[in-house]
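Just so you know, the sequence shown maps onto residues 30 to 137 in our numbering.
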Amino acid sequence: MILADATALRVPAPGDGLTLAAELVAALDAVAFARVRVRRVHDDLESVRAAGARLDRDTAWRTRAAEGYRNGLARWRDVLTEAATRLETLDAELRDAAARLEVRGGMP
């Protein structure tokens with residue numbers, strides 16, 4: 030219990046008269062003030078927790094989207110690599126064809 034060590038609080042005795050009423054009112058006011066503050070802090074905490082949950086959901090969505098984007102980029106790089114390889118092969122074939130034509134005397 031949070032208020033387990035409440036030794037500083039003095040419960041007025043019934044014979045205290047007006048002092049009893051004044052101290053009781055002051056204690057009740059203090060408790061009411063504390064409860065308002067505690068509820069306000071609790072509401073703020075719940076707000077932060079809800080924002081954290083939204084951030085978690087948004088981040089998860091962005092992570093999935095980023096993963097899809099990275100996978101798409103990887104596929105695109107693979108296609109470009111394959112195209113570059115084919116171009117290199119074509120260049121080699123054209124170089125070989127040019128060399129054969131030179132041997133036959135068909136090219137200067």
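Each residue gets a CB set at the ideal place from its N, CA and C atoms; glycine is no exception. Being a predicted model, the structure only gives us computed values, none of them experimental.
Cα separation between residue i and residue j?
{"i": "S76", "j": "D58", "result": "27 Å"}
{"i": "A89", "j": "R64", "result": "37 Å"}
{"i": "R99", "j": "R83", "result": "24 Å"}
{"i": "E122", "j": "T114", "result": "12 Å"}
{"i": "R91", "j": "W105", "result": "21 Å"}
{"i": "E131", "j": "L116", "result": "22 Å"}
{"i": "L74", "j": "G81", "result": "10 Å"}
{"i": "R133", "j": "D125", "result": "12 Å"}
{"i": "E96", "j": "E111", "result": "23 Å"}
{"i": "A61", "j": "E52", "result": "14 Å"}
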